[in-house]
Amino acid sequence: MDAELRKRRRGPEPAPPPGSEYTLAEEVAHTITHGVGILLSIGGLVVLVVFAALYGDVWH
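Residue numbers (our numbering): -13 to 46.
Structure (structure tokens):
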């Protein structure tokens, strides 16, 4: 009963803006592409650090 009363006091939930809802397939695609991007960026960071350690000096 208290939860229902609190919900009425808050008013209706705001509607999401039109066109902002994605399908499940789009959400899965976004998740996969972001995951691939994270993995590639970590790999690139490792390569840059290794090359800096091998070929860099104090001034470069």
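Where a beta carbon is used, it is the ideal one built from N, C-alpha and C, also for glycine.
Quiz prompt | Through-space distance from residue 35 to residue 28, alpha-carbon basis | solution = 11 angstroms
Quiz item: Is residue 38 helix, strand or coil by DSSP?
Solution: helix
Practice problem: Rounded to whole angstroms, what's the CA-CA distance from residue 43 to residue 25? Just pull it up for me. | Solution: 28 angstroms
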